[in-house]
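What follows is a set of notes on a single structure, which appears directly below.
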Amino acid sequence: MIHVIATIELHPGKRAEFLREFHRIVPLVHAERGCIQYGPAIDLETGFPAQPPLRPDTVTVVEQWATLDDLRAHMVAPHMVEYRPRVKEMVIRTVLQVMEPV
């Protein structure tokens, strides 16, 4: 199994618009071979001392894939190729963490 944490930093005030576009692809991604989990999350205020300040212009995508090959196929899936230009102007940067359980 492969774990992916994608942190997407957005231009100020663009999170709601970005999430509308993102939610359009979620069912298509869920239908991909090897997709175990795929969904967006935003920071939640908890009051925990170890939690950094909330990031109002960030979306974190939590993913699980059966194999690295499944993740590679996801990256070039037609709906992902079509999605990226639709959100390009909203995104400052995307950082991927790809991990395996130990």
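Quick note on the numbering used here: the sequence shown kicks off at 1408 and runs consecutively. All C-beta atoms in this analysis are idealised placements derived from N, C-alpha and C, irrespective of residue type, glycine included.
Can you list, in chain order, the residues of its chain with a C-beta nearer than 7 Å to that of residue i? Leave out the 5 residues immediately preceding and following it.
i, result
"His-1486", "Ile-1432, Leu-1435"
"Val-1469", "Ile-1412, Gln-1444, Gly-1446, Ala-1448"
"Gly-1441", "Trp-1472, Ala-1473, Thr-1474, Asp-1477"
"Phe-1425", "Leu-1417, Val-1466, Val-1494, Met-1497"
"Leu-1461", "Asp-1450, Glu-1452"
Nearest-angstrom Cα distance between residue i and residue j?
i, j, result
"Pro-1481", "Val-1502", "Note on identity: in this sequence residue 1481 is His, with Pro being the wrong assignment. About 16 Å."
"Ala-1448", "Leu-1475", "22 Å"
"Pro-1419", "Ile-1499", "10 Å"
"His-1437", "Phe-1455", "32 Å"
"His-1410", "Arg-1479", "13 Å"
"Ala-1484", "Met-1506", "21 Å"
"Tyr-1490", "Ala-1423", "16 Å"
"Gln-1504", "Pro-1459", "18 Å"
Beta-carbon within less than 6 Å of residue i's beta-carbon, same chain only, minus the 5 sequence neighbours each way: which residues are those?
i, result
"Glu-1428", "Arg-1493, Val-1494"
"Lys-1421", "Met-1497"
Based on DSSP bridge pairs, tell me the residues matched to residue i.
i, result
"Val-1447", "Checking the sequence shown, residue 1447 turns out to be Pro, not Val. Bridge partners of Pro-1447: Val-1468."
"Gln-1504", "Ile-1412"
Look up residue i in the DSSP assignment and say whether it is helix, strand or coil.
i, result
"Leu-1435", "helix"
"Leu-1417", "strand"
"Val-1498", "strand"
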